[in-house]
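To keep things clear, I will list the structure first and then write my remarks on it.
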Amino acid sequence: MPEARIPQETPNIKAPKPGNDQGIPTPTGDIGPEVYRERRRKLMEQMGSGIAVIFSADSISTTQRQDSNFYYLTGLEHEAGAALVLAPEHPRFKEQLFLRTLEVEDNRWHGIRPVLGRAVELGTGIAMVSRSANMPALLNRAILSANTRELVYLGNFAAYNRPVSKELKFLRDIQSRILNVTIRDASDILPRMRSIHDEAEVAVMQKAIDATIDAHKAAMRALRPGMSEAELLSVFEQTAHKHGSRRFAYEPIIGSGPNNWVLHYTQNTRTMNDGEMVLCDVGAELQMYAADITRTYPISGKFSPRQKDIHNIVQDAWNATVEMCKPGVTWVELNDKARDIIDKAGYSDEYYHSLGHFLGLDVHDVGLDHKPLEPGQIITIEPGVYVADENIGVRTEDDILITEDGYINLSIDLPRSADEIEAFMAS
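Taking the working numbering, the leading residue of the sequence shown gets 47, the next gets one more, and so forth.
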């Protein structure tokens, strides 16, 4: 089998622009190849030695998205069946991208796919690009020629009742075939890197958040008694699509009446009635990045006194915890503050979830939640109170950027308090 060539400089070939028509895999969206190259460099610096493999998703469609770690390191949203191999100490093999085999009929069935060459290498920012058929021989050669036969695992660990990750199974298969190969756990590196967002990432996430804000506002304008949850969901969908979002970051929750205290209600089929509330937990995905915003709306446009009382308690918990957000604060401290306020209001049994989570390429994004908050992290703050026997469920959720000296509420433009929501719905 011929060895993958070492590219020569060909200055006359320019890198293809994102969204090109030649099927050349390039980073999609607003973040360019140089950013992904720097991420790979930082990752390899922290790896130090060994060889790591990161797989793309096996298939990609409107319902199946790219693997987040693979996207974070390559920016390739639509390339299925690919693998990125990183070997920091190897003299020639530091990084190589393997793309799935080019089938004769692929262009007709799935769109244009590229013939390998310098344009592909420039487009991806990866100097060595080869077909997946070459991967076994090249990877074996890299392992056998390395100073230490060490494989590095960068993925997450599954619970004992879940399937072993593809990457870990792959590394174990190699270990069973080559003597003296060890596997090193480096599963904390990518969560740490991914949880700190640079300016380019924050800008993309702000676009996803802005799309979600507009969708919530459109839903408030459309909301009326007699409307179905599905009909309201369609308003969210249409508005998000207008912003370029191809999918939601998670399955939307549109829960009215007896459904609005069910945390992960997703049937979204009920007809909404006057006097009820609807809890809308919806987030657009844009360029693979997630937004996650929740509001609870009065279907008639006005909260009842009892509904407003509960809404105000949740708002008090939200205000107190958001004001605490800054570097050095821990998730335990934030959770305890929200719990304390809701407990003192008499609803300790009606608040039964954690306060929030990291947000990024996944809606429940990776991050080291046992560590204090750091600048560049984006988290959600989402206290809630759920009084089941009264069909009252209220949750308020916003997306918060931790800065050097505090925080920025990235979803501040969406009405949040009961009075603000009523005023917007009346306008």
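Where is the CB? At the ideal position from N, CA and C, for every residue including glycine. Just so it is clear, the structure is predicted and the values come from calculations on it, not from any experiment.
- Taking one beta carbon from each stretch, the region 253 to 265 and the region 233 to 241 have fewer than 3 pairs nearer than 8 Å; the two do not touch.
- Around the Cβ of Phe203, a 10 Å sphere holds fewer than 16 other Cβ atoms; the residue is exposed.
- In chain order, Lys372 place their CB closer than 6 Å to the CB of Gly452, counting only its own chain and leaving out the 5 sequence neighbours on each side.
- Under the 8 Å Cβ criterion, the region 126 to 137 counts as touching the region 79 to 93, having at least three qualifying pairs.
- Nearest C-alpha to Arg462 among Glu436, His310, Ser394, Asn358: Asn358.
- In the three-state reduction of the DSSP assignment, Gly169 falls in the helix class.
- When only Cα atoms are considered, Thr108 and Glu369 end up about 38 Å apart.
- Under the 10 Å beta carbon count, Thr120 is surrounded by 16 or more other beta carbons and is classified as buried.
- Distance check between Val324 and each of Tyr432, His243, Ser291 places Tyr432 closest, using alpha-carbon atoms only.
- Between the region 262 to 279 and the region 335 to 343 there are three or more C-beta pairs closer than 8 Å, enough to call the two in contact.
- When secondary structure is reduced to three states using DSSP, Val308 falls in the coil class, being assigned neither helix nor strand.
- In chain order, Val131, Met174 place their CB closer than 6 Å to the CB of Gln142, counting only its own chain and leaving out the 5 sequence neighbours on each side.
- The beta carbons of Ile454 and Ile446 sit closer together than 9 Å.
- Pairing Ser291 with Ala254 gives a Cβ-Cβ distance under 9 Å.
- Within the model, the alpha-carbon separation for Lys215 versus Thr317 is close to 47 Å.
- Taking C-beta atoms as the reference points, Ile172 and Arg267 fail to come closer than 9 Å.
- Bounds of the beta strand (DSSP E) holding Ser176 are 174 to 177.
- Counting C-beta atoms within 10 angstroms of its own C-beta, Thr194 has fewer than 16 neighbours from the protein chains shown and is therefore classed as exposed.
- Counting other Cβ atoms within 10 Å of its Cβ, His399 stays below 16 and is therefore classed as exposed.
- Contact check between the region 93 to 107 and the region 224 to 235: three or more CB pairs, one atom from each, fall below 8 Å, which counts as touching.
- Taken in chain order, the complete beta strand (DSSP E) segments of 3 or more residues contained in the region 67 to 118 are 97 to 101.
- No alpha helix (DSSP H) of 4 residues or more sits fully in the region 385 to 449.
- Val281 counts as buried, since at least 16 other C-beta atoms from the protein chains shown sit within 10 angstroms of its C-beta.
- The DSSP-derived three-state label of Asn207 is coil.
- Annotated as distal: Leu419 and Ile427, with beta-carbon spacing of 9 Å or more.
- Pairing Tyr335 with Pro344, the inter-Cα distance amounts to about 30 Å.
- When DSSP assignments are scanned along the region 210 to 234, the uninterrupted stretches of alpha helix (DSSP H) that are 4 or more residues long and fall wholly within it turn out to be 212 to 221.
- Between Asp459 and Asp256, the C-beta spacing is below 9 Å.
- In the structure shown, Met273 adopts coil according to DSSP, grouped into three states.
- Judged by DSSP in its simplified three-state form, Leu200 adopts coil rather than helix or strand.
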